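This report concerns only the one structure given below.
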Amino acid sequence: MNAIAIDQVAVDLDRVPVLHGVSCAVSSGGWLALIGPNGAGKTTLLRAVAGLLPHRGTITLDGMDLAALRGRGRARRIAYVPQIPVLPPDMTVADYVLLGRTPYLGYLSAPGRSDRAKAAEALERLDVTRFAARRLSRLSGGERQRVLLARALAQEPQVLLLDEPTSDLDLGHQQQALELVDDLRQTRGVTVLCTLHDLTQASQYAGHLVLLAEGRVEASGAPAAVLTEELIARVYAARVTVSTGPGGHPVVTTVRPPPAGASKPGRE
Amino acid sequence: MIRTRGRRLPAARAYGVAAAFLVAATLVSALIGAADLNPLDTITALLDRIPLVHLPSGLSPLDRAVLFQIRLPRIVLGAMVGGLLSVAGAGYQGVFRNPLVDSGLLGSSAGAGLGATLAIVYLGHQGPAAVPIAAFAGSLAGVAVAYLSGAVGGSGTATLLLAGVAVGLFLTAVQTYVLQRSAQDLQQVYSWLLGSLSGATWQQAGEILPYSVVSVAVVLLHGRHLDVLSVGDEEARALGLHPGRTRLIVVAACALAAASAVAVSGLIGFVGIVVPHVVRRLTGTSYRLVLPLSLLGGAGFLVLADTLARTIVSPAELPIGVVTALVGSPVFVWILRTTAAVRT
Numbered sequence: 006m007n008a009i010a011i012d013q014v015a016v017d018l019d020r021v022p023v024l025h026g027v028s029c030a031v032s033s034g035g036w037l038a039l040i041g042p043n044g045a046g047k048t049t050l051l052r053a054v055a056g057l058l059p060h061r062g063t064i065t066l067d068g069m070d071l072a073a074l075r076g077r078g079r080a081r082r083i084a085y086v087p088q089i090p091v092l093p094p095d096m097t098v099a100d101y102v103l104l105g106r107t108p109y110l111g112y113l114s115a116p117g118r119s120d121r122a123k124a125a126e127a128l129e130r131l132d133v134t135r136f137a138a139r140r141l142s143r144l145s146g147g148e149r150q151r152v153l154l155a156r157a158l159a160q161e162p163q164v165l166l167l168d169e170p171t172s173d174l175d176l177g178h179q180q181q182a183l184e185l186v187d188d189l190r191q192t193r194g195v196t197v198l199c200t201l202h203d204l205t206q207a208s209q210y211a212g213h214l215v216l217l218a219e220g221r222v223e224a225s226g227a228p229a230a231v232l233t234e235e236l237i238a239r240v241y242a243a244r245v246t247v248s249t250g251p252g253g254h255p256v257v258t259t260v261r262p263p264p265a266g267a268s269k270p271g272r273e
Numbered sequence: 005m006i007r008t009r010g011r012r013l014p015a016a017r018a019y020g021v022a023a024a025f026l027v028a029a030t031l032v033s034a035l036i037g038a039a040d041l042n043p044l045d046t047i048t049a050l051l052d053r054i055p056l057v058h059l060p061s062g063l064s065p066l067d068r069a070v071l072f073q074i075r076l077p078r079i080v081l082g083a084m085v086g087g088l089l090s091v092a093g094a095g096y097q098g099v100f101r102n103p104l105v106d107s108g109l110l111g112s113s114a115g116a117g118l119g120a121t122l123a124i125v126y127l128g129h130q131g132p133a134a135v136p137i138a139a140f141a142g143s144l145a146g147v148a149v150a151y152l153s154g155a156v157g158g159s160g161t162a163t164l165l166l167a168g169v170a171v172g173l174f175l176t177a178v179q180t181y182v183l184q185r186s187a188q189d190l191q192q193v194y195s196w197l198l199g200s201l202s203g204a205t206w207q208q209a210g211e212i213l214p215y216s217v218v219s220v221a222v223v224l225l226h227g228r229h230l231d232v233l234s235v236g237d238e239e240a241r242a243l244g245l246h247p248g249r250t251r252l253i254v255v256a257a258c259a260l261a262a263a264s265a266v267a268v269s270g271l272i273g274f275v276g277i278v279v280p281h282v283v284r285r286l287t288g289t290s291y292r293l294v295l296p297l298s299l300l301g302g303a304g305f306l307v308l309a310d311t312l313a314r315t316i317v318s319p320a321e322l323p324i325g326v327v328t329a330l331v332g333s334p335v336f337v338w339i340l341r342t343t344a345a346v347r348t
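Taken in order, these protein sequences are the chains called C and H.
For reference, each letter of the first sequence is one residue, going 6 to 273 in the working numbering.
For reference, each letter of the second sequence is one residue, going 5 to 348 in the working numbering.
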């Protein structure tokens with residue numbers, strides 16, 4: 006059963022076509038990673054799914070057209086974590102995570118006991134309870150990523166949209182963040198739709214890759230089928246080798262081009 | 005409310021401090037003035053007015069008249085104006101995510117100024133009675149024009165803010181032109197522009213009461229929405245909020261609050277910036293606290309400022325706008341320098 010089905014979605018930004026009829030789907034509880042060079046339309050597609058951009062074509066969630074869902078209804082099902090979120094510097098972590106309960110609040114009602122409990126649970130789940138009272142400006146990159154995920158989790162979404170969730174993090178925190186997301190996916194059955202720059206990470210975590218280039222789907226399928234040397238060379242204009250890693254996933258390694266005019270081989 | 009740092013006040017205590025400040029400001033203002041009222045008798049006379057409380061007071065009938073017909077209406081009107089300006093300032097700051105925005109923004113002050121000037125210059129001796137209505141209408145019209153010109157295409161806050169500046173400059177230019185052609189009214193217009201609560205009556209307080217109640221209630225009810233807006237329009241939308249709708253509602257309510265204040269007091273600057281900022285320093289940035297505390301704090305601040313305005317150069321009066329800036333600026337700088345930075 007597909008949780009999210011994207012069918013012939015096209016988006017214009019400032020009248021410039023950015024996506025031209027993109028179709029792809031991710032099954033319930035699955036993880037789909039959008040990969041592709043800068044400007045390929047990955048973030049645009051994510052924002053279209055989040056309902057933040059007008060688009061043509063249809064996007065359905067469990068067979069239900071998302072265009073029919075407005076505002077809070079959509080926000081109860083889909084949580085969106087942008088690549089560069091706006092973090093009010095003096096807001097506390099606890100208050101920020103509580104914002105995740107917004108879609109469940111009536112127009113004039115304030116967060117109640119159950120909302121606070123849900124927020125507290127999200128803090129606990131992402132192991133950030135101990136700095137609940139800290140201000141957002143005082144968080145490290147790794148802590149910030151956890152807090153963002155906690156806010157998304159407080160939304161109790163069926164679908165998690167993550168735009169470059171690892172872009173600001175060091176190697177260890179990248180791994181931690183992705184493991185956390187995978188854990189949420191497995192324990193809560195959350196469907197994950199994300200963009201990732203690191204192709205090896207994408208192949209390790211996502212069951213399904215969609216390679217976008219210039220607003221079109223260039224390739225789609227299991228990591229081993231999408232991550233080929235020829236395809237990456239063509240789409241990214243990059244020299245890479247693709248080998249098989251310890252877990253059987255494709256590992257993409259960049260290769261330096263030979264120095265111009267040099268005939269001897271480079272360093273080993 | 006979670007305490008962010010040791011220095012921040014928990015919500016209950018913050019309300020207590022703000023309420024105590026307002027009560028203290030009221031008492032100080034009730035006791036100070038040309039007529040020398042006995043402090044104890046004054047306090048008992050005031051308490052006697054509280055329902056179900058009956059206390060004998062030794063105030064003479066004349067002193068009673070001074071207290072209940074001169075000082076008290078002025079205190080109540082000052083408190084209302086201060087509260088309205090502070091809530092409007094805080095509301096605008098939330099809508100525009102900008103701590104430097106205040107209640108006179110978006111053509112509000114300029115529109116009021118133009119309205120009052122037109123009334124004074126062209127309506128002759130009916131002028132004085134028409135000034136509040138003209139200022140009220142001018143203030144609302146200024147905001148409406150700014151909003152309509154700035155909100156085209158559902159664009160963000162910066163465009164709206166710039167449109168407000170443009171409309172404000174335009175209205176001020178018209179006002180300057182009108183004024184320049186009728187120099188004999190200069191004094192009267194100028195003293196209105198600087199703001200004053202002299203001649204405050206219970207009737208004035210009653211006239212702006214309905215608008216005050218409605219506008220303040222609407223703004224206060226949107227505190228949580230302003231907190232959501234603080235993560236930006238896009239994320240607020242992803243959380244299910246309608247940023248444009250929220251902005252329209254809060255701007256309309258803030259405009260009504262500012263117009264009500266301006267109608268009875270003229271232009272009083274500074275209150276709408278300084279009070280919410282001090283509140284933020286003490287309690288954090290959540291608008292669910294900042295808005296109601298600004299209401300209380302602003303009320304107390306303006307009552308004190310007005311007390312200074314009518315006593316410093318007694319029997320003459322200083323324009324209250326001069327006092328709020330003269331006293332407020334150094335206090336504000338002192339606060340900025342002695343407390344940790346709060347960004348919004």
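Cβ coordinates follow ideal geometry from the N, Cα and C atoms, glycine included.
Being a predicted model, the structure only gives us computed values, none of them experimental.
Residue range of the alpha helix (DSSP H) that includes residue i
i	result
H:T48	43-52
H:A18	15-35
H:S264	247-269
H:A116	112-126
C:L236	234-241
H:T161	161-184
Proximal residues to residue i (C-beta, below 6 Å), its chain only, five neighbours per side dropped
i	result
H:Y365	The displayed coordinates of chain H run from 5 to 348. Any statement about residue 365 of chain H would go beyond what the structure contains.
H:A150	L110, G111, A167, G168, V171
C:A230	none
H:Q207	none
H:A29	G304, V307, L308
C:D12	S28, G62, T63
C:V86	L153, A157, L167
H:V327	A309, L312, A313
H:R78	L201, A204
Span of the beta strand (DSSP E), counted from its first residue to its last, around residue i
i	result
C:S225	221-226
C:H25	21-32
C:R149	First-last for C:R149: 146-159, but that is the alpha helix (DSSP H), not the beta strand (DSSP E).
C:Y85	83-86
C:D168	164-168
C:A10	7-18
Chain C contact for residue i (CB, 8 Å cutoff)
i	result
H:F25	no
H:G244	yes
H:S290	yes
H:V235	yes
H:R251	no
H:L225	yes
H:R341	no
H:D106	no
H:V232	yes
H:R17	no
H:E321	no
H:L286	no
Residue-level contact to chain H via CB, residue i, 8 Å cutoff
i	result
C:M69	no
C:R244	no
C:D173	no
C:Y85	yes
C:G46	no
C:A207	no
C:L18	no
Residue-level contact to chain A via CB, residue i, 8 Å cutoff
i	result
C:A72	Reference to chain A is not applicable here, since the protein chains of this structure are C and H.
Sequence-distant residues of its chain with Cβ nearer than 8 Å to residue i (five each side left out)
i	result
H:R241	P247
H:V178	L118
7 Å Cβ shell around residue i - same chain, five flanking residues per side excluded
i	result
H:D350	No answer is possible for residue 350 of chain H: the residues shown for chain H start at 5 and end at 348.
C:T134	L128
Point to revise | Cβ pair count under 8 Å reaching 3, the segment 231-250 of chain H against the segment 107-120 of chain H | key: Using a C-beta cut-off of 8 Å, the segment 231-250 of chain H makes no contact with the segment 107-120 of chain H, since fewer than three inter-stretch Cβ pairs fall below that distance.
Review point. If you pair each beta-carbon of the segment 37-47 of chain C with each one of the segment 88-102 of chain C, do three or more pairs fall below 8 Å?
Key: Because the criterion of three Cβ pairs below 8 Å is not met, the segment 37-47 of chain C and the segment 88-102 of chain C do not touch.
Review point. Can we say the segment 217-234 of chain C touches the segment 245-254 of chain C, given the rule of at least three CB pairs closer than 8 Å?
Key: Three or more Cβ pairs closer than 8 Å define a contact, and the segment 217-234 of chain C meets that threshold against the segment 245-254 of chain C.
Review point. Just checking, does the segment 267-287 of chain H make contact with the segment 122-139 of chain C on the three C-beta pairs under 8 Å criterion?
Key: The segment 267-287 of chain H is not in contact with the segment 122-139 of chain C.
Review point. For the 8 Å Cβ check, are there 3 or more pairs between the segment 181-192 of chain C and the segment 216-226 of chain C?
Key: No contact exists between the segment 181-192 of chain C and the segment 216-226 of chain C.
Exercise for review: Please determine if the segment 82-90 of chain H and the segment 286-293 of chain H are in contact, where contact requires at least 3 C-beta pairs separated by less than 8 Å.
Suggested key: Contact fails: fewer than three Cβ-Cβ distances are below 8 Å.
Practice item. May I ask you to verify whether the segment 67-76 of chain C touches the segment 214-230 of chain H, counting CB pairs closer than 8 Å and requiring at least 3? Key: Taking 8 Å as the limit for Cβ pairs, the verdict is that the segment 214-230 of chain H does not touch the segment 67-76 of chain C.
Practice item. Give a yes or no on contact between the segment 46-61 of chain C and the segment 154-169 of chain C, applying the rule of three or more CB pairs nearer than 8 Å. Key: A contact exists between the segment 46-61 of chain C and the segment 154-169 of chain C.
Practice item. Would you check if there are 3 or more beta carbon pairs closer than 8 Å linking the segment 279-286 of chain H to the segment 133-149 of chain H? Key: Result no; under three Cβ-Cβ pairs closer than 8 Å.
Point to revise | Touch test, the segment 87-94 of chain H against the segment 293-300 of chain H, Cβ-Cβ under 8 Å, three pairs minimum | key: Yes: at least three Cβ pairs fall under 8 Å.
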